[in-house]
Every structure is written in C-alpha cells, then in structure tokens.
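Number of protein chains: 2
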Amino acid sequence: MNYQALSAAIKAKKSYLCVGLDTDLAKLPKHLLGDPDPVFAFNKAIIDATAEYAVAYKPNIAFYEAQGPRGWESLQKTLDYIPKDCFTIADAKRGDIGNTSGLYARAFFDKSAAGLDFDAITVSPYMGHDSVQPFLDYPGKWVILLALTSNAGSADFQRQLVDNETQELYETVIEKAQSWATHEQLMFVVGATQAEQIAHVRELAPRHFLLVPGVGAQGGSLEQVSKNGLTPDGGLLVNASRSILYASSGSDFAQAAAAEAKVMQQEMAGYL
Amino acid sequence: MNYQALSAAIKAKKSYLCVGLDTDLAKLPKHLLGDPDPVFAFNKAIIDATAEYAVAYKPNIAFYEAQGPRGWESLQKTLDYIPKDCFTIADAKRGDIGNTSGLYARAFFDKSAAGLDFDAITVSPYMGHDSVQPFLDYPGKWVILLALTSNAGSADFQRQLVDNETQELYETVIEKAQSWATHEQLMFVVGATQAEQIAHVRELAPRHFLLVPGVGAQGGSLEQVSKNGLTPDGGLLVNASRSILYASSGSDFAQAAAAEAKVMQQEMAGYL
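In order, the protein sequence lines correspond to chains L and A.
All letters in the first sequence, in the order written, are residues 25 to 296 by my numbering.
All letters in the second sequence, in the order written, are residues 25 to 296 by my numbering.
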C-alpha cells in the first residue's frame with residue numbers, strides 16, 4: 025500500500041488506528057485453547073471485530089517466533105486474513121549487514137520465500153545506512169525506522185547529545201535517514217510516551233508518517249500525540265495492542281476489542 | 025556454557041574459531057538439493073568437518089527465517105546437532121521493549137518454547153537497558169551486544185561523538201553495558217574490519233569476550249585482531265562464515281571447509 029492509498033484510507037475510515045497483534049497464548053480466552061490454531065483463531069476474531077475502525081495491523085514478530093514453526097504458520101494465516109485495504113507492519117526490529125538484511129527483507133516482503141508479504145517492517149538504525157538499504161530495495165515496501173522509542177531505556181543512547189552537542193542521537197537518525205528514502209517509503213517510530221518530542225519530530229520530518237506505540241497500556245496520550253503529529257495527509261499511525269486485544273478475557277473478547285477500537289477511532293475522527 | 029568452560033575449550037582446542045552458519049539455499053552444492061532438508065544436510069556435514077577446529081557455531085537467523093517454518097525446523101535440527109562442548113550463538117540482532125525482548129529471549133533460550141536453547145544471542149543496543157535485561161534474566165545465558173560492527177554503515181551512528189565530545193557512541197555502549205552485566209554474561213560485537221579499534225575496546229573492557237566477524241569475505245586481518253584482542257582467558261571468538269561454508273561448491277565442500285577451518289585454527293594456535 026503506497027502513501028496516497030494509506031492517506032486515503034485514513035480519510036475514508038476517519039481513523040489512524042493500528043491494532044498491534046501481540047498475541048500471547050498465555051492471555052487467550054480459555055474457550056479458544058481447544059482450537060487447532062488458537063493464536064490464529066484469536067487474531068481472526070480480533071480482525072473481524074476491529075477492521076471497521078483500524079487502518080493498519082502490526083503483528084509483533086516475537087510473539088510468533090516464541091512458538092517456533094507453529095507460530096510462523098499462525099503469522100502467515102493472520103497476514104493472509106488481514107483485509108487488503110489495511111496497511112500491514114511486521115514489528116520485527118531487524119537490521120544487520122547488507123546480505124543479511126537482504127534475507128530479512130526477503131523473509132517479510134517476498135511471499136515466495138517465507139509466505140509473508142507485509143507492506144512494512146520496523147528496522148533498528150544502529151548499523152547504519154547499508155543495513156537499511158536492502159529493505160528499501162523492495163519497490164512499494166516501507167521501512168519504519170526506530171527513532172525515539174516508548175521505553176525508559178530510550179534515554180540510554182537515543183537521547184545522547186551528538187554532533188557538537190547540537191542534537192540528540194534520535195534527531196540525527198531522523199535527519200540522516202531522510203537522505204536514504206522519501207516520505208513515500210520511510211516512516212519513523214516515536215513513542216507516545218515522548219509526546220512533547222512529537223511536535224519536534226514533526227518539524228524535522230514534516231511529511232513522514234510516524235508509527236506511535238505507547239498509547240494505552242504504556243500510558244501515552246492520544247490527544248497530545250494527535251495534536252503534535254497529524255498532517256494534512258494523516259501522517260500518524262497510532263498503535264494500541266494490549267488495551268484492545270485483552271479488553272476482556274472472556275468469551276466476549278471480540279466485542280470488547282471492537283468497543284475499545286471504536287472509542288479510539290471516534291476520538292481520532294475528532295482530531296482529523 | 026559458562027565463561028570458565030568457554031575459556032577451557034579455547035585452550036584445549038587451541039582455537040577461538042566460530043563458524044558462522046549463514047546457510048544459503050542458493051549456494052548449496054547441487055547434490056544436496058534432493059535431500060528432504062538440504063540446509064540441515066549441509067550444516068551437518070559442515071559441523072562434522074569443522075568441530076575439531078571450532079569452539080563455537082553461530083547460525084545467522086535471517087537465513088533460516090527467509091525460509092519460513094521449514095527454515096525454523098532446519099535451525100532446530102542444526103542446533104541439536106552441534107556438539108555440546110561447542111558454544112552456540114543465535115545471530116539474531118534482536119532488541120525491543122521489555123515484554124517483547126522477554127519473548128525473543130524465550131524463543132532462543134527456552135527449548136520448551138520454540139525448540140531452541142542457544143547459549144547466546146546477539147542484541148542491538150539502540151533501545152537501551154530495559155530492552156537487553158530480559159535476555160540477561162536467563163541464568164547461564166549470554167548477551168552479545170552490538171558495539172562496533174564490521175560494515176561501512178557503522179560510521180553513521182556508532183562513531184558519532186557523544187558525551188561532551190569525549191567518546192564515540194560505541195564506546196558509550198561498551199561502558200554503560202558493563203553496569204548491566206559482568207564478563208560472565210556479556211560479550212561485545214566488534215568487527216574485524218575495525219582492527220585498530222580492537223585494542224581500544226580491549227582497554228575499555230579488559231575481560232569481556234569479543235565476537236569478531238569480518239575476517240575472511242569481509243577482509244579483516246586475523247593477525248591484527250588476535251594481537252589486539254586476546255586475553256589470558258581467550259577473550260575472542262573470531263567468526264568466519266562464507267570463507268568456510270563455500271570454500272568449495274562441489275561435492276568436496278565439507279573437506280574444503282575442514283581445510284579452511286584448520287588453516288584458521290593453526291594460525292590461532294600460534295597466537296595463543
């Protein structure tokens with residue numbers, strides 16, 4: 025899905041909600057555990073319940089990988105099930121030397137390799153340009169580069185002053201990466217817990233989409249993120265995972281997820 | 025495998041060679057392609073041929089992931105086949121917020137989860153302490169933190185001056201991480217192409233093992249790395265992947281790999 029189509033979807037659905045599929049076997053409603061693939065059964069119900077309110081889905085790859093080959097199969101089925109008018113993100117935080125990043129790109133972008141064809145993948149910038157380029161070499165696919173993350177450890181390195189003390193490392197990441205790709209192939213991760221920085225990131229990268237985790241369970245404010253980050257084209261994908269997936273632990277989990285997603289979508293409609 | 029056992033293995037085998045299992049289906053000898061699991065058949069032959077000369081094996085996870093569930097099965101079989109007196113490294117370069125890093129740790133360290141129980145995993149430092157800690161929470165397991173990598177892109181961020189211009193980012197990573205874990209649970213990745221920096225890293229981290237990729241296909245010098253990095257306990261794991269795996273593309277690939285590994289081991293014996 026390209027920039028124009030994503031922007032159009034946001035305007036049509038009046039939503040920039042991304043549902044994070046952090047599907048944890050230990051948290052699934054009991055009645056699903058007898059299913060041959062309880063993770064997929066859960067995801068299917070969540071997708072059916074939330075597709076009206078969400079423009080993107082973001083499976084968190086760790087949750088699938090922790091189940092070995094079976095988890096990989098649940099991931100394939102989940103990705104195939106996501107409606108084609110939704111943007112799909114592999115939250116994988118990969119990044120390695122060129123030939124290895126090329127294989128990660130193949131794993132997540134080329135359906136003939138591992139059965140997956142995500143629109144986008146999250147990538148760590150630590151190894152620099154040649155670790156990111158192989159993902160950008162796939163036409164029509166996106167890199168979502170970690171910039172300023174939502175966790176406390178973001179202070180350890182991302183906020184170190186660099187470049188003659190004039191800016192922080194995450195700002196250097198955002199500036200340099202804009203010479204690698206345009207806003208039509210590159211987004212940045214900025215945590216909602218860093219809402220005061222979002223206005224600043226928006227100055228540094230006026231047109232790039234920002235993927236914003238950390239609303240909900242991690243405590244970020246949707247209002248502040250939206251006021252600081254929205255652009256005329258949308259410009260935001262705000263992710264919620266646990267607050268939607270586990271809104272109820274009972275047999276009504278899908279209705280509860282839909283209600284939670286609807287509340288977020290309606291708040292978003294007000295900001296658009 | 026703990027620090028003492030790894031040090032003892034290095035002394036017993038007179039080797040600090042790590043064989044990187046970057047097993048690429050496209051590069052396998054033709055006669056293996058009819059095997060039900062050609063990747064495992066290749067790895068098995070490589071392990072048999074090199075175990076006498078190597079103290080560690082490092083499957084590069086991208087190569088397995090790019091084959092989907094089948095690749096994951098080849099990885100499980102390969103790890104099970106590596107002799108128990110060898111150190112095993114998942115070269116995965118993971119790192120995410122705490123609950124997600126916890127799932128990656130489970131995937132690679134807990135055999136009951138995804139069938140894998142590596143001794144160590146490579147981790148990216150970009151997200152800071154709380155993204156690394158979940159791996160350290162597994163007693164007896166190791167984190168190998170990216171510090172100064174072997175690729176050209178290492179100049180983009182790792183070599184930025186930080187901390188009042190007194191040091192580079194990779195030096196800050198090495199210093200901070202030493203407050204997270206001792207040399208008995210933490211190693212650093214330093215590329216062989218950065219041999220002049222290895223002496224400096226050795227000053228910053230006198231007892232920590234360094235995992236050194238980039239000898240061989242990437243052009244680093246084993247002599248310079250060894251002179252700058254060895255400690256009385258060993259202190260180095262020098263990785264070679266393509267130069268060993270693809271020493272011959274014919275039916276003699278395993279003998280050619282053994283010969284290449286032996287040359288490296290004998291050079292290492294001279295430096296120990």
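Ideal Cβ positions, reconstructed from N, Cα and C, are used throughout, including at glycine.
As the structure is a prediction and not an experimental result, all values here were calculated from the model.
### Task
Quickly, what does DSSP pair Glu192 (chain L) with across the bridge? List them, please.
Start at 1 with the first residue of the first sequence, and residue 192 (chain L) comes out as number 168. Paired residue(s): L:Leu185.
### Query
Excluding five sequence neighbours on each side, which residues of the same chain lie with their C-beta closer than 7 Å to the C-beta of Gly238 (chain A)?
For this step, residue 238 (chain A) is matched to residue 214 along the second sequence. The answer, listed in chain order, is Ser174, Gly215, Ala216, Thr217, Gly244.
#### Entry: Per-residue burial, Gly274 (chain A) [other beta carbons within 10 Å of its own, 16 or more giving buried]
For the purposes of this step, residue 274 (chain A) is taken as the residue at position 250 of the second sequence. The residue is exposed, with fewer than 16 neighbouring Cβ atoms inside 10 Å.
#### Entry: DSSP bridge partner residues for Gly258 (chain L) (one or two, in chain order)
Against the first sequence, residue 258 (chain L) aligns to sequence position 234. Beta-bridge pairing links Gly258 (chain L) to L:Thr255.
### Task
Given a cut-off of 8 Å, decide if Asp143 (chain L) and Lys135 (chain L) are closer than it, judged by their beta-carbon atoms.
Here residue 135 (chain L) refers to the residue found at position 111 when the first sequence is read from its first residue. Here residue 143 (chain L) refers to the residue found at position 119 when the first sequence is read from its first residue. No, the Cβ-Cβ distance between Lys135 (chain L) and Asp143 (chain L) is not below 8 Å.
### Query
Residues in its own chain within less than 8 Å of Leu52 (chain A) by CB, not counting five upstream and five downstream?
Here residue 52 (chain A) refers to the residue found at position 28 of the second sequence. Counting only Cβ-Cβ distances below 8 Å, and skipping sequence neighbours, we find Pro62, Val63, Phe66.
### Query
Which residues in the same chain as Tyr194 (chain A) place their Cβ atom closer than 6 Å to its Cβ, once the five residues preceding and following it in sequence are excluded?
Sequence index remark: in the second sequence, residue 194 (chain A) carries index 170 (1-based). Cβ within range, chain order: Ala171, Leu172, Gln182.
#### Entry: Whole-angstrom distance between Val262 (chain L) and Leu246 (chain L), CA atom to CA atom
For this step, residue 246 (chain L) is matched to residue 222 along the first sequence. For this step, residue 262 (chain L) is matched to residue 238 along the first sequence. Approximately 8 Å, taken between the alpha carbons.
### Query
Gln28 (chain A) to Glu291 (chain L), Cα distance in whole Å?
Locating residue 28 (chain A) in the second sequence gives position 4, where the first residue counts as 1. Locating residue 291 (chain L) in the first sequence gives position 267, where the first residue counts as 1. Their Cα atoms are separated by approximately 58 Å.
### Task
Measuring only between beta-carbons, confirm whether Thr190 (chain A) sits less than 8 Å from chain L.
Looking up residue 190 (chain A) in the second sequence gives position 166. Chain L contact via Cβ: absent.
### Query
When the Cα of Thr47 (chain L) is compared with those of L:Trp96, L:Lys251, L:Gln157, L:Glu76, which residue comes out closest?
Counted from its first residue, the first sequence places residue 47 (chain L) at position 23. The option with the nearest alpha carbon to Thr47 (chain L) is L:Trp96.
### Message
For a minimum of 4 consecutive residues, which ranges assigned as the alpha helix (DSSP H) are wholly contained in the segment 112-158 of chain A?
### Response
122-133, 135-138
### Message
By the three-class DSSP mapping on this structure, what secondary structure does Ile168 (chain A) have?
### Response
Residue 168 (chain A) sits at position 144 when you count from the first residue of the second sequence. Residue state, collapsed to three classes: strand.
### Message
In the DSSP assignment, the beta strand (DSSP E) including Tyr81 (chain A) goes from what residue to what residue?
### Response
Here residue 81 (chain A) corresponds to residue number 57 of the second sequence, with the count starting at 1. Taken as a continuous stretch (DSSP letters only), the beta strand (DSSP E) holding Tyr81 (chain A) covers 80-83.
#### Entry: Any chain A beta carbon closer than 8 Å to Pro60 (chain L)
Locating residue 60 (chain L) in the first sequence gives position 36, counting from the first residue. Not closer than 8 Å to any Cβ of chain A, the Cβ of Pro60 (chain L) fails to qualify, so no.
### Query
What is the DSSP secondary structure of Gly215 (chain A), reduced to helix, strand or coil?
The residue labelled residue 215 (chain A) in the question sits at position 191 within the second sequence. In the structure shown, Gly215 (chain A) sits in coil (DSSP, three-state: anything other than H, G, I, E or B).
### Query
Among residues of its own chain, excluding the 5 on either side of Thr74 (chain L), which ones have a beta-carbon nearer than 7 Å to its beta-carbon?
Looking up residue 74 (chain L) in the first sequence gives position 50. Cβ neighbours of Thr74 (chain L) beyond the five flanking positions: Val43, Ile268, Ala281, Ala282, Ala285.
### Proximal residues of chain L, C-beta to C-beta of Ser155 (chain A) below 7 Å
Here residue 155 (chain A) is taken as the residue at index 131 of the second sequence, counted from 1. Those are Asn175, Gly177, listed as they occur along chain L.
### Task
Look up Gly58 (chain L) in the DSSP assignment and say whether it is helix, strand or coil.
The residue you call residue 58 (chain L) lines up with position 34 of the first sequence. In the structure shown, Gly58 (chain L) sits in coil (DSSP, three-state: anything other than H, G, I, E or B).
### Query
For the beta strand (DSSP E) that Gly44 (chain L) lies in, which residues bound it at each end?
The residue you call residue 44 (chain L) lines up with position 20 of the first sequence. Gly44 (chain L) -> beta strand (DSSP E) spans 41-45.
### Message
I need the boundaries of the alpha helix (DSSP H) containing Leu269 (chain A), first residue and last residue.
### Response
Residue 269 (chain A) sits at position 245 when you count from the first residue of the second sequence. It spans 266-269 - the alpha helix (DSSP H) in which Leu269 (chain A) sits, taken as one unbroken run.
### Message
What would DSSP say about Gly294 (chain A), mapped onto helix, strand or coil?
### Response
The residue labelled residue 294 (chain A) in the question sits at position 270 within the second sequence. Helix, per DSSP.
### Query
For the segment 127-151 of chain A, which residues have a beta carbon sitting closer than 7 Å to at least one beta carbon of chain L?
Leu127, Tyr128, Arg130, Ala131, Ala137, Ala138, Gly139, Ser148, Pro149, Tyr150, Met151
### Task
Could you spell out the range, first to last residue, of the beta strand (DSSP E) harbouring Leu235 (chain A)?
The residue given as residue 235 (chain A) occupies position 211 in the second sequence. Element bounds for Leu235 (chain A): 234-236.
### Task
Throw me the rounded Cβ distance for the Ile145 (chain L) and Met211 (chain L) pair, which I believe falls under 8 Å.
Translated into the one-based positions of the first sequence, residue 145 (chain L) becomes position 121. Translated into the one-based positions of the first sequence, residue 211 (chain L) becomes position 187. The pair is not a contact, with the Cβ atoms about 11 Å apart (cut-off 8 Å).
### Query
Around the C-beta of Glu192 (chain A), are 16 or more other C-beta atoms found within 10 angstroms, so that it is buried, or is it exposed?
For the purposes of this step, residue 192 (chain A) is taken as the residue at position 168 of the second sequence. With 16 or more Cβ atoms within 10 Å of its Cβ, Glu192 (chain A) is classed as buried.
#### Entry: Closer than 9 Å at the beta carbon, the chain A residues around Gln184 (chain L)
Here residue 184 (chain L) is taken as the residue at index 160 of the first sequence, counted from 1. Gln184, Val186, Asp187, Leu193, Thr196, listed in chain order.
### Neighbouring residues, chain L, relative to Phe66 (chain A) (Cβ below 9 Å)
Indexing the second sequence from 1 puts residue 66 (chain A) at position 42. By Cβ distance, chain L contributes nothing, its closest Cβ being about 16 Å from Phe66 (chain A), past 9 Å.
### Within-8 Å CB hit, Ile121 (chain L) to chain A
Translated into the one-based positions of the first sequence, residue 121 (chain L) becomes position 97. Closer than 8 Å: yes.
### Task
Could you check if Ala50 (chain A) is buried or exposed, using at least 16 other CB atoms within 10 Å of its CB as the buried criterion?
As a working mapping, residue 50 (chain A) is identified with position 26 in the second sequence. Counting Cβ neighbours within 10 Å, Ala50 (chain A) comes out exposed, since fewer than 16 surround it.
### Task
Determine the extent of the alpha helix (DSSP H) in which Ser275 (chain A) is found, giving its start and end residues.
Walking along the second sequence from the start, residue 275 (chain A) turns up at place 251. Here Ser275 (chain A) belongs to no alpha helix (DSSP H), and DSSP marks it neither H nor E.
### Query
According to a CB-to-CB cut-off of less than 8 Å, which residues of the segment 248-276 of chain L neighbour chain A?
none
### Message
Below 8 Å on C-beta distance, what does Leu309 (chain L) contact in chain A?
### Response
Lying outside 25 to 296, the shown extent of chain L, residue 309 (chain L) is not represented and no answer is given.
### Query
How would you write the range of the alpha helix (DSSP H) that Gln28 (chain A) sits in, first residue to last?
Along the second sequence, one-based indexing puts residue 28 (chain A) at 4. 27-37 is the span of the alpha helix (DSSP H), which, as asked, contains Gln28 (chain A).
### Query
Beta carbon of Ser148 (chain L), beta carbon of Tyr270 (chain A): below 8 Å?
Reading the first sequence from its first residue, position 124 is the one you call residue 148 (chain L). Reading the second sequence from its first residue, position 246 is the one you call residue 270 (chain A). No, these two residues do not count as a Cβ contact at 8 Å.
#### Entry: Residue interval of the alpha helix (DSSP H) (run including Lys51 (chain A))
Within the second sequence, residue 51 (chain A) is the residue found at index 27, counting from 1. Segment: none, Lys51 (chain A) is in no alpha helix (DSSP H) and carries neither H nor E.
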